[in-house]
Amino acid sequence: MKNKAQVWMGLFIALQVLSSCHSKSSHTDGMWVADIRSAIGKETPVSMKEDVESIEYIPLEATDSSLISNITDLVMNHEFIFLQNGRAQQILQYTRQGKFIREVGKVGEGPGEYAPYTINTISLDDEKREFYAHRQGMPGMVFSYEGEFLRTDTTITEAVGNRYPLGNGLSALTGTPFTPIQQSPWLVALEDRNNKLIATKTPFPAQVPADACYMKEILFVPFQNSALAYTPCNDTLFRVSASGIAPACVISRKNGADYNERIANINELGKDDTNASIIDLFTFFETPRYFYFRVLLLGDPVRCFFQRLDKDTGELLSQPVAPDLADISYGFSDGNVMGLENDLDGGVPFAPCFACGDRICAQAVNAETIAKLEEKGYLKNKPSALQLGAEDNPVVIVYTFKK
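When we follow my numbering, the leftmost residue of the sequence shown carries the number 8, and every step to the right adds one.
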């Protein structure tokens, strides 16, 4: 038998090896700085079972008025699901159980109508029971939950790309991507009940000329009584809440000294950014325990990684997404399954892209994507709710996270 010294030495070495496989984020000024580039090289498994409490499947009713081509945005509460039907240029409303109710607004030039391909995002205000359709470079349109057009939102002169109610009359707003700085000077803002902006956050590097600044994209993720906002010219995720705007965490991409300047400069638009060393944040979401990041390592081929940052300990896990899932995936929503293995109920890969409540995120999947997954050997024990025919609408998958 080994003596005690040998046993303790073996245990120490094992713990050192185990710890070296995990990335530890640094803690600066009360927030985590996640070294997502270093984590990519360590490839530590991430299990959805550790954070997901339950999964609900909601099949969306297909009628002659509600045949879904592709879902480009989705919001939901305990009563309704609203979604953008992309190529059909529709906004559709369903019950929380998936029964079709109505089309909200339509393409046209009259009151409550919108020009083709102008709706960027949609959002809800449960306190007022109002639905917002946010338009690129134009004021948003406001409807009641009964589908009635109420008004055009002209309360803010700057372009508003999205909004999220924080309670007590406060709202978090975002700017809009691909919009001149004169129209969209801030990434995120805090609006009071009188429609006045009481705080804003400008993300642009100081070295970029003011008249050349723009945001290539904006990611906006509600969580509890706050919302997170990100744009690629800044590695910081900013949180807006009733108390103001502050950094929530930093993702250290280490894309090079001048990357953030170039990505914020409209004069650099269109130049080659496919360098294999570039890391791009594709999507992210937050749960009570973790931040999740879906990151892309650019190159040929592009590689995708699913990462999870523990908000208590700073542990950062990173798992590569299987290449065949990237081959199957297209678009942002119901055709995209670049995610983690579903080790909870054998369903589609875990890849939420819609934040829908305190502990709720959702994703959608269509019949074509399910068929491709099965061809690749996935879904051998799939839930019955994923038995879709070619003419069926997508299924909404709702994840409730642990407290």
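We put the CB at the ideal spot given by N, CA and C, even for glycine. These numbers come from a predicted model, not from an experiment.
- For N267, the uninterrupted alpha helix (DSSP H) segment begins and ends at 266 to 270.
- Below 8 Å, too few C-beta pairs join the region 258 to 276 and the region 226 to 235 to call them touching: fewer than three.
- Cβ-Cβ distances below 7 Å link L90 to I78, D80, L81, L99 in the same chain, with the five nearest sequence neighbours on each side left out; the list follows chain order.
- In the DSSP annotation of this structure, I225 is not part of any alpha helix (DSSP H), being labelled neither H nor E.
- Apart from the 5 residues on each side of it in sequence, E293 sits with its Cβ closer than 7 Å to the Cβ of V228, F230, L235 in its chain, given in chain order.
- Excluding the 5 residues flanking it on each side, L177 has same chain C-beta neighbours closer than 8 Å at L197, E198, D199, R200, A249, in chain order.
- Exclusion of the five residues before and after G147 leaves Y139, A140, H141, D160, V167 as the residues of its chain whose Cβ lies within less than 7 Å of its Cβ.
- T376: member of the alpha helix (DSSP H) spanning 374 to 382, first to last residue.
- Sixteen is the threshold: since fewer than 16 other Cβ atoms of the shown chains lie within 10 Å of the Cβ of K383, the residue is exposed.
- Annotation for A255: the continuous beta strand (DSSP E) segment containing it runs 251 to 258.
- Residue burial annotation: Y121 is buried, with at least 16 other C-beta atoms found within 10 angstroms of its C-beta.
- About 16 Å separates the beta carbons of P210 and D287, which is beyond the 8 Å limit, so they are not a contact pair.
- If you look at D331, you'll find it in the alpha helix (DSSP H) that goes 330 to 335.
- I188 sits in coil when the DSSP states are folded into three classes, being neither helix nor strand.
- Within the model, the alpha-carbon separation for I377 versus V355 is close to 8 Å.
- Excluding sequence positions up to five before and after I225, its CB lies within less than 8 Å of the CB of G168, N169, T181, G182, T183, P184, L194, A236, Y237, T238, all in the same chain and listed in chain order.
- Its chain contains K223, P239, C240 as the residues whose beta carbon lies nearer than 7 Å to that of I270, once the 5 sequence neighbours on both sides are disregarded; these appear in chain order.
- With fewer than 16 other Cβ atoms from the protein chains shown falling within 10 Å of its own Cβ, G174 counts as exposed.
- Around the Cβ of Y124, a 10 Å sphere holds fewer than 16 other Cβ atoms; the residue is exposed.
- Secondary structure of N127 (DSSP, three-state): strand.
- In this structure, N400 and I108 do not form a Cβ contact; the two beta carbons are roughly 14 Å apart against a cut-off of 8 Å.
- Between A46 and L323, the CB-CB gap stays under 8 Å.
- The Cβ atoms of L395 and A374 lie closer than 8 Å to each other.
- The beta carbons of D58 and K409 sit closer together than 8 Å.
- Closest by C-alpha distance to L332, out of D319, P308, T320, N202, is P308.
- Beta-bridge pairing by DSSP links N92 to I78, Q97.
- In this model, N267 and H34 are separated by some 22 Å (Cα to Cα).
- In the three-state reduction of the DSSP assignment, R246 falls in the strand class, which pools E and B.
- Beyond the five residues adjoining it in sequence on each side, E381 comes within less than 6 Å, by CB distance, of no other residue in the same chain.
- Approximately 12 Å separates the beta-carbon atoms of P52 and Q314; this is outside 8 Å, ruling out the contact.
- Counted as a single uninterrupted DSSP element, the stretch harbouring S45 is not any beta strand (DSSP E) but the alpha helix (DSSP H) occupying residues 43 to 47.
- In its chain, beyond the 5 residues on either side, no residue has a beta carbon closer than 6 Å to the beta carbon of Q189.
- Counted as a single uninterrupted DSSP element, the beta strand (DSSP E) harbouring M145 occupies residues 145 to 151.
- If you ignore the 5 residues before and after R310, its C-beta comes within less than 6 Å of the C-beta of L304, all in its own chain and listed in chain order.
- Only residues of its own chain outside the window of five on either side were considered, and among them Y406, T407 have a CB closer than 8 Å to the CB of S61, listed in chain order.
- Across the structure, Q104 and V403 are spaced so that their CA atoms are roughly 10 Å apart.
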